[in-house]
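Asks: First residue of the sequence shown? That's 0 in numbering that gives the first Met the number 0, and the numbers climb one at a time after it.
Just so it is clear, CB atoms sit at the ideal spot from N, CA and C, and this is done for glycine as well.
These figures come from a predicted structure and were not determined experimentally.
Got a structure here, written out as structure tokens. Questions coming.
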Amino acid sequence: MSPAVPIDGFYRIKVATISKYMEYAPAKNPPYVRILDFNPGNANQEWKIMRAGDRFKIETAQGDPVGWQTGTRTYWSRGYLCPVKSSEFTWEFQRQSTGFYKITSTNPPTGGRGSFLDVCDDDSVHFWPANTTGVHQNWVFEFVRPLPTPSPPQVIPPPQVIPPQPEAAMAQNGFQDKFFPLTPAEAAKQEYDLIIVGSGIGGGILANDLYDTNFKVAANPKRVLLLEKGGLVFHSHCLNTARPSGLIKDRGQQNDTFFSQFKDNFLFNPPRDSEWKGGPMYNLGGRSAAWGLFAPRVHDEVLKKTFTPDVVKELQEEYYDKAELLMKLSLPSTKRVHQHVIDLLNMGSHSLEKITGVQWQWGRLASEFREERNFDFAEGAYSTIDKILEIAMSRKVQGDHVVEHKNFKTVLNADVRSLSFDANKTVTAVNVRGPGGEQTVPIRLAKDGQVVLSAGSVDSPGILLRSSTSTVDFKKLLPEYNGLHLTDHDILAYTCSFRYKDPRDRETIGAMKLQTYARFGGEVVLVNMSIDASSFLPRSHSSDDSLPKMIIVFMRQSPLVQTSNISLDPTTNEPRVEMSRRSNIDDTLYELFQKMTVASMKAIQNAAKVKFVGIDESLPADKIQFDRLQWGAVAHELGTLPTMVGRNPSAHTYCLDRDLRIRPEICNNVYVCDLSVFPYSPEANPTLTLAALAIRLSRHLHPRKITEKIPSNQVRVINHTGSKVKVWLSNYKTHDQDPCYKPGVSGPCQPLAWANETIQRESWWHLGAGEQRYWDRVPGVPQTLMVFKLDHIKQNPDTFLTEPVFVAAHAGEVTPILDI
Numbered sequence: 000m001s002p003a004v005p006i007d008g009f010y011r012i013k014v015a016t017i018s019k020y021m022e023y024a025p026a027k028n029p030p031y032v033r034i035l036d037f038n039p040g041n042a043n044q045e046w047k048i049m050r051a052g053d054r055f056k057i058e059t060a061q062g063d064p065v066g067w068q069t070g071t072r073t074y075w076s077r078g079y080l081c082p083v084k085s086s087e088f089t090w091e092f093q094r095q096s097t098g099f100y101k102i103t104s105t106n107p108p109t110g111g112r113g114s115f116l117d118v119c120d121d122d123s124v125h126f127w128p129a130n131t132t133g134v135h136q137n138w139v140f141e142f143v144r145p146l147p148t149p150s151p152p153q154v155i156p157p158p159q160v161i162p163p164q165p166e167a168a169m170a171q172n173g174f175q176d177k178f179f180p181l182t183p184a185e186a187a188k189q190e191y192d193l194i195i196v197g198s199g200i201g202g203g204i205l206a207n208d209l210y211d212t213n214f215k216v217a218a219n220p221k222r223v224l225l226l227e228k229g230g231l232v233f234h235s236h237c238l239n240t241a242r243p244s245g246l247i248k249d250r251g252q253q254n255d256t257f258f259s260q261f262k263d264n265f266l267f268n269p270p271r272d273s274e275w276k277g278g279p280m281y282n283l284g285g286r287s288a289a290w291g292l293f294a295p296r297v298h299d300e301v302l303k304k305t306f307t308p309d310v311v312k313e314l315q316e317e318y319y320d321k322a323e324l325l326m327k328l329s330l331p332s333t334k335r336v337h338q339h340v341i342d343l344l345n346m347g348s349h350s351l352e353k354i355t356g357v358q359w360q361w362g363r364l365a366s367e368f369r370e371e372r373n374f375d376f377a378e379g380a381y382s383t384i385d386k387i388l389e390i391a392m393s394r395k396v397q398g399d400h401v402v403e404h405k406n407f408k409t410v411l412n413a414d415v416r417s418l419s420f421d422a423n424k425t426v427t428a429v430n431v432r433g434p435g436g437e438q439t440v441p442i443r444l445a446k447d448g449q450v451v452l453s454a455g456s457v458d459s460p461g462i463l464l465r466s467s468t469s470t471v472d473f474k475k476l477l478p479e480y481n482g483l484h485l486t487d488h489d490i491l492a493y494t495c496s497f498r499y500k501d502p503r504d505r506e507t508i509g510a511m512k513l514q515t516y517a518r519f520g521g522e523v524v525l526v527n528m529s530i531d532a533s534s535f536l537p538r539s540h541s542s543d544d545s546l547p548k549m550i551i552v553f554m555r556q557s558p559l560v561q562t563s564n565i566s567l568d569p570t571t572n573e574p575r576v577e578m579s580r581r582s583n584i585d586d587t588l589y590e591l592f593q594k595m596t597v598a599s600m601k602a603i604q605n606a607a608k609v610k611f612v613g614i615d616e617s618l619p620a621d622k623i624q625f626d627r628l629q630w631g632a633v634a635h636e637l638g639t640l641p642t643m644v645g646r647n648p649s650a651h652t653y654c655l656d657r658d659l660r661i662r663p664e665i666c667n668n669v670y671v672c673d674l675s676v677f678p679y680s681p682e683a684n685p686t687l688t689l690a691a692l693a694i695r696l697s698r699h700l701h702p703r704k705i706t707e708k709i710p711s712n713q714v715r716v717i718n719h720t721g722s723k724v725k726v727w728l729s730n731y732k733t734h735d736q737d738p739c740y741k742p743g744v745s746g747p748c749q750p751l752a753w754a755n756e757t758i759q760r761e762s763w764w765h766l767g768a769g770e771q772r773y774w775d776r777v778p779g780v781p782q783t784l785m786v787f788k789l790d791h792i793k794q795n796p797d798t799f800l801t802e803p804v805f806v807a808a809h810a811g812e813v814t815p816i817l818d819i
């Protein structure tokens, strides 16, 4: 017998006559070896083969010995291939005249004697009698890599007595170790209904909303897994934590200080060091840990260019409100002097030619500045980190162990490399690499499971490009459907220092951040202004950093730049960006920006009694020179996997449908929820819009609402409190509907019936979390729903409080029982 493999090493084992490979299925019960399509980078399709005399031993890539067991499933009675605890199993590889190999065990099961590994018409690898025409008994070994060279033995020095180091002990029991101990390999032991890749604004808000939905509809939960490439760097938004000395006195945010220090870099071809300042943040919460908090809505006119009419309607009527409530969108207190500044700014702009629609108002910031209730603390700047940490901290304790949430898990330091697909282009697994370049582990989806990519405008398409196979060729299909065109809009900024004529006015007026939409000729632009407050932008150079400053910013809209592209670097297999900028701003628009800047500065001079430094007191417009921000400076790059836009989108202009699902011509059951979904770069910071889209996607993937039409004579009630309640519904009728009513006589015609114990007992209903109940009632007549909460003090699952909460209910409608 010729040896099957010349050297020990890692191999893929392929069915000789079809393009199927042996794959370890650890998430199955019981685990076994099956055959599936080739999946590059999938460690479960790699096998460690080592010579044992004239025989061989086989192990999984994770080091588990491979042997056999018998089972009741079809074809398993003769023995099926699976991982085993014993290392005694050895194998013979018998070379055939065709050059292929038959594989048999040197100690086969009783029913498998004289048999070889086969797949018959099953997906599992099992023993089957020798068959010269059995093409599925022939195997090919494809070499992957040699075994690692063992390190020489180390000389161990004599033991030393080292005193305990409390700092080291704390480092091993920090927040991440305590609250996020799950590893990719441990997460791979079960299947999931939803796997979310990335925990920034898109993925983090989506995951948090799905967790809340599971709580509200506990009877039908989704198994959700959140994967984050980075670790726990921030415990909240960076502005809710300590800041370097001196920045606290700066009257502003300086989140850019943290962004620049903790961001990573994209790979550009050719290099764009002088033109690019952005990059991803690989940590829990992603860039939500250091974003600028500026959260305006996209202008209605621009929104209609960006999404389909039904999505625009839903954003405006529902999901923008939900996103603003989630982000604690706040407006500061307006003093008389603030209103005076705003009024003069508006009046000064209205006289400018070719500039219309100016209406200065407070800027929208995603931060709760103060809490009106005593002894409650303001929640501060918004990021997705806080909620994810709260979920991790709320895990139940059983004895000495903390138990993971049954239907919601988070894995940090989980680098998603690719997705796996079946022959129907349906996603089946997410392939994850752990910290330190560990082996790639496939985490499988349940039947009809879905993946949501929220890794960002560069990394999300990068994951898809790495997932390309002959079945799903993303490298060909994404460009075909207008994908990979990374775009960032133009932002022009001007900074000027000033002095108050009366220094005491600085404390009286304080910091101001303002915004207005304006139409310059035919283009809608968002204009932001910071007065004695740092902008969401990096600060420009000024004559004296100790002086207060005015910063005015013009944010433009932009179609996707068709000459930009993303590909995979042939050396690192990481996404590589080829980016082009829009053409230079024309002189007419530039001059309009100058005129509005001068008008704003004059209004501030008069209202706040200030003098600008470094510019003539007459404020000549031609001396206003704007800085054009570098790409990515405020992390607005987008558009690489665009959704459909307009009422009748062209066939090849979008990668995603209206629900952010990758179109079926490309693949199935994959969604995207990050800035790459934007088919147009709006004039506003896109963060609030992405948050609204994330909530909308959550309600699409796991609905809370009852969408069916409710009969006009039916009262429908659903329990969204997350725990059991007891309910009772009245049966009120108006005089003309009550046959017992007599004019001048009060009370029902059968007063004792209401006290009848049998009737009362039948009238109460217990509703579990997510359960619903309906009653027939007279249309158009309001009813009273009495809701009794559990009495947690008595710790009895069926003991309720004696005092109810009263809720109005109406026939023909759904009445949700919310947190009460």
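#1: Quick check: the region 137-149 against the region 93-102, are at least 3 beta-carbon pairs closer than 8 Å?
#2: Tell me which residues share the same chain as K594 and place their Cβ nearer than 6 Å to its Cβ, disregarding the 5 neighbours each side in the sequence.
#3: Between the C-alpha atoms of V806 and P781, what's the straight-line distance to the nearest angstrom?
#4: Checking 8 Å against the spacing of the C-beta atoms, do G197 and G285 come in under that value?
#5: Considering only the beta carbon of each residue, do V552 and I490 sit closer than 8 Å?
#6: Between the Cα of P663 and those of K276, D192 and F473, spot the shortest distance and give me the residue it belongs to.
#7: Could you give the distance in angstroms between the alpha-carbon of K13 and the alpha-carbon of Q44?
#8: Give the single residue among E573, V669 and L477 whose Cα lies nearest to the Cα of N846.
#9: State yes or no: is the C-beta of Y670 within less than 8 Å of the C-beta of V644?
#10: With a CB to CB cut of under 6 Å and the five nearest residues on each side skipped, what residues in its chain are close to G455?
#11: Can you tell which of F420, G520 and I530 has its C-alpha closest to the C-alpha of W344?
#12: Excluding the five sequence neighbours on either side, which residues of its own chain have a C-beta within less than 8 Å of the C-beta of V154, listed in chain order?
#13: I'd like the list of long-range same chain contacts for D385, defined as Cβ closer than 6 Å, with 5 residues on each side in sequence excluded.
#14: DSSP on K601, reduced to helix/strand/coil?
#15: Counting only runs of 3+ residues fully inside the region 644-731, write out the beta strand (DSSP E) ranges in chain order.
#16: Return yes when the Cβ of T688 is within less than 8 Å of the Cβ of I816, no when it is not.
#17: Counting along the chain, where does the beta strand (DSSP E) carrying S496 start and finish?
#18: If contacts are defined as beta-carbon pairs under 8 Å, then M21 and V124 qualify, I think. What distance do you get, rounded to the angstrom?
#19: Fully enclosed by the region 517-593, which beta strand (DSSP E) runs are 3 residues long or longer?
#20: Ordered along the chain, which non-local residues of its own chain (more than five positions away) have a Cβ less than 8 Å from that of S563?
#21: When DSSP labels each residue in this structure, what does D797 get in the three-state scheme?
#22: Are three or more beta carbon pairs between the region 640-660 and the region 296-310 nearer than 8 Å?
#23: Relative to the C-alpha of Q358, which candidate in L231, P30 and I341 has its C-alpha closest?
#24: Identify whether K47 lies in helix, strand or coil by the three-state DSSP scheme.
#25: At the level of alpha carbons, what is the spacing between T69 and F126?
#26: Alpha carbon to alpha carbon, what distance is there between V216 and L784?
#27: Under a three-way DSSP split, which group does R505 fall into?
#28: Can you tell me which of the three DSSP states L476 falls into?
#29: Am I right that A602 and G347 are in contact with their C-beta atoms under 8 Å? What's the rounded C-beta distance?
#30: Where does P156 land, buried or exposed, given buried means 16+ other C-beta within 10 angstroms?
#31: Taking the C-alpha atoms as reference points, what is the distance between N412 and G448?
#32: Under 8 Å: do the region 401-411 and the region 226-233 share three or more Cβ pairs, one atom per stretch?
#33: What does the alpha-carbon distance come out to for the pair P330 and W361?
Replies: On the basis of the coordinates in this document:
#1: yes
#2: L351 and A620
#3: 10 Å
#4: yes
#5: yes
#6: F473
#7: 9 Å
#8: This structure leaves residue 846 out entirely; the chain is present only between 0 and 819.
#9: no
#10: P279 and D673
#11: The question names Trp, but residue 344 in the sequence shown is Leu. Comparing Cα positions, the closest option is I530.
#12: Bear in mind that the predicted position of V154 carries a pLDDT of just 48, short of 50, making it too unreliable to give a figure here.
#13: S235
#14: helix
#15: 669-671, 713-718 and 724-728
#16: no
#17: I490 to Y499
#18: 6 Å
#19: 522-530, 548-554, 564-567 and 574-577
#20: L483, H484, L485, T486, V576, E577, M578 and S579
#21: coil
#22: yes
#23: I341
#24: strand
#25: 10 Å
#26: 20 Å
#27: helix
#28: helix
#29: 4 Å
#30: Caution applies to P156, whose pLDDT of 49 falls short of 50 and renders its modelled position unreliable; the model cannot decide the point.
#31: 23 Å
#32: yes
#33: Correcting the residue identity first, residue 330 is Leu in this sequence and not Pro. Distance between the alpha carbons of L330 and W361: 7 Å.
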